[in-house]
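Participant:
In this note's numbering, the protein residues as written are 53 to 153.
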């Protein structure tokens, strides 16, 4: 799982740096808000997605090791949640970057 995390970090960094010259000063990131100015934020807010991904992963691993270490059922649940988090947040990051450029 650590290799997948590193690979996704590299994919997000490559996507960001390839499209950096085409990024507008503000990007639509908050899609739950109404259409228009309320969705816009500074472009560096896009880095909240990888940060959130790392926090969720390490919190899941910490809680598993602290509370459920011998239980294989919870180990499988944590593994599935971590994979889902890695794939989903990487896809959202890349999709937003490609959508706005």
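Glycine included, every Cβ here is placed at the ideal spot set by N, Cα and C.
Assign residue 130 to buried or exposed, taking buried as 16 or more other Cβ atoms, counted over all protein chains shown, within 10 Å of its Cβ.
Facilitator: The residue you call residue 130 lines up with position 78 of the chain shown. Classification of residue 130: buried, given that the 10 Å Cβ count is 16 or more.
Participant: Does any CB atom of chain C fall closer than 8 Å to the CB of residue 90?
Facilitator: Here chain C cannot be found, since the structure has a single protein chain.
Participant: The beta strand (DSSP E) with residue 80 in it runs from where to where?
Facilitator: Here residue 80 is taken as the residue at index 28 of the chain shown, counted from 1. Where residue 80 is concerned, the enclosing beta strand (DSSP E) starts and stops at 78 to 80.
Participant: Taking the beta carbon of residue 145 as the centre, do at least 16 other beta carbons fall within 10 Å, making it buried, or is it exposed?
Facilitator: Numbered from 1 along the chain shown, position 93 holds the residue referred to as residue 145. Its Cβ being crowded by 16 or more others within 10 Å, residue 145 is buried.
Participant: Pairing CB atoms from the region 82 to 89 with CB atoms from the region 103 to 115, are three or more of them under 8 Å?
Facilitator: no
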